[in-house]
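Asker:
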Amino acid sequence: MNDNNKSKILMHTCCAPCSVYCIDTLRAQGTEPVSFWFNPNIHPFTEYKARKKTLVEYSESIGMKLIIKNEYGLRSFISAVYPDFDNRCSYCYEVRLDETAKYASENGFDRFTTTLLVSPYQNHELICDIAEASAARYGVKFEYHDFRPGFREGQEKARELGMYMQKYCGCVFSEEDRYKKRKKKNQE
Ligand code: SF4
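Numbering-wise (this note's numbering), the sequence shown opens with residue 1 and increments by one.
1) Regarding R137 and the ligand SF4, is the C-beta to nearest heavy atom distance less than 6 Å?
2) Considering only the alpha carbon of each residue, which of D98, K49, I62 and D84 lies closest to K141?
3) Here's the rule I'm using: 16 or more other beta-carbon atoms within 10 Å means buried, otherwise exposed. How should Q166 be labelled?
4) Would you check if the distance between the CB atom of V20 and the CB atom of A158 is smaller than 7 Å?
5) Let me know the secondary structure DSSP gives K140 once reduced to three states.
6) Can you give me the start and stop residues for the alpha helix (DSSP H) that T25 sits inside?
7) In terms of DSSP beta bridges, what is P33 paired with?
8) Let me check you understand the geometry: is the CB of R88 closer than 6 Å to at least one non-hydrogen atom of the ligand SF4?
9) Return the CA-CA distance between Y121 and F173, expressed in angstroms with no decimal places.
10) What first and last residue would you give for the alpha helix (DSSP H) that runs through R152?
11) Give the C-beta separation of F36 and T13 to the nearest angstrom, bearing in mind that I take them to be a contact with Cβ-Cβ under 8 Å.
12) Touch check for the region 102-111 and the region 132-152: three-plus C-beta pairs under 8 Å?
13) Which two residues bound the contiguous beta strand (DSSP E) that contains T114?
14) Can you name, in chain order, every residue of its own chain whose Cβ lies under 6 Å from the Cβ of Y138, other than the five neighbours on each side?
15) In or out: K183 buried (at least 16 other Cβ within 10 Å) or exposed?
16) Could you give the distance in angstroms between the alpha-carbon of F189 and the alpha-carbon of Y168?
17) Give a single yes or no on whether N123 has its beta carbon closer than 6 Å to a heavy atom of the ligand SF4.
18) Relative to the C-alpha of T54, which residue among M163, R111, L117 and H124 is closest?
19) Is I78 helix, strand or coil by DSSP?
20) Please report the distance separating the alpha-carbon of L189 from that of I130.
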């Protein structure tokens, strides 16, 4: 148990660009976030590595503590979502938020949040329901923030900082969706 973490918030971080606005907001409110990287949903490995590296560099540049739980989970992810690929996001949220709540509980944090709450492309309500369930399971608080109004501002700042900007959500299926959308657009 680390009592120094009581005043801080553990922030599950999906990627550096999404974290920019969340960190700025929390710090402006007087709360120091500790970033928690656990994203076995990001594939392939080169993409996983690129996003992790970007977060490591950004955390160092702004003096934010980063905890890395390194797990490249292609096989476990596909096994878990098979065969209902179209409803994969609930598993994806749960595996990440559950691990975050568990880490918070075991390391003296009394609350956690997630950068997933910044994206207008994610299922915001589902993220909250899943985070609340994980919080109850581990006896910590899920701190809700609607970061969405700052999504564009955060992405813009990330671009200005020269960050690596990913082109799809994370899993191989989201990469496929992107390709399908592009193909459809070209046929129109
Ligand atoms: S689309 Fe994004 S949120 Fe949904 S399963 Fe894939 S990586 Fe996870």
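Using N, Cα and C, we set each Cβ at its ideal position, and we do this for glycine too.
Answerer: The answer reads as follows:
1) What you label residue 137 is simply residue 137 of the sequence shown in a count that begins at 1. No, since every heavy atom of the ligand SF4 falls outside the 6 Å radius drawn around the Cβ of R137.
2) Your numbering for residue 141 matches position 141 in the sequence shown. It is D98 whose Cα lies nearest to the Cα of K141.
3) The sequence position of residue 166 within the sequence shown is 166, counting from 1. Buried, since its Cβ has 16 or more Cβ neighbours within 10 Å.
4) For the purposes of this step, residue 20 is taken as residue 20 along the sequence shown, with counting starting at 1. For the purposes of this step, residue 158 is taken as residue 158 along the sequence shown, with counting starting at 1. Yes, Cβ-Cβ distance for V20 and A158 is below 7 Å.
5) Your numbering for residue 140 matches position 140 in the sequence shown. According to the sequence as given, residue 140 is Val; it is not Lys. Three-state DSSP puts V140 in coil, outside helix and strand.
6) Residue 25 sits at position 25 when you count from the first residue of the sequence shown. Element bounds for T25: A16 to A28.
7) Translated into the one-based positions of the sequence shown, residue 33 becomes position 33. Answer is I9.
8) Here the question's residue 88 lines up with position 88 in the sequence shown. Yes, the ligand SF4 has a heavy atom inside 6 Å of this Cβ.
9) Start at 1 with the first residue of the sequence shown, and residue 121 comes out as number 121. Start at 1 with the first residue of the sequence shown, and residue 173 comes out as number 173. Approximately 15 Å between the Cα atoms of the pair.
10) The residue you call residue 152 lines up with position 152 of the sequence shown. R152 -> alpha helix (DSSP H) spans F151 to E160.
11) Locating residue 36 in the sequence shown gives position 36, where the first residue counts as 1. Locating residue 13 in the sequence shown gives position 13, where the first residue counts as 1. Right, the Cβ-Cβ distance comes to about 6 Å (below 8 Å), so this counts as a contact.
12) Touching, yes, given that three or more Cβ pairs across the two stretches are closer than 8 Å.
13) Here residue 114 is taken as the residue at index 114 of the sequence shown, counted from 1. Per DSSP, T114 belongs to the beta strand (DSSP E) from R111 to T114.
14) As a position in the sequence shown, residue 138 is number 138, starting the count at 1. So the list reads A101, K102 and S105, once near-sequence residues are dropped.
15) Walking along the sequence shown from the start, residue 183 turns up at place 183. When all chains shown are included, K183 counts as exposed.
16) Only positions 1 to 188 of the chain appear in this structure, which leaves residue 189 out of reach.
17) Translated into the one-based positions of the sequence shown, residue 123 becomes position 123. For N123, the CB stays at least 6 Å from every heavy atom of the ligand SF4.
18) Counted from its first residue, the sequence shown places residue 54 at position 54. The shortest Cα separation from T54 among M163, R111, L117 and H124 belongs to M163.
19) Within the sequence shown, residue 78 is the residue found at index 78, counting from 1. In the three-state DSSP reduction, I78 falls in the helix class (H, G or I).
20) Since the displayed the chain opens at 1 and closes at 188, residue 189 lies outside it and no answer follows.
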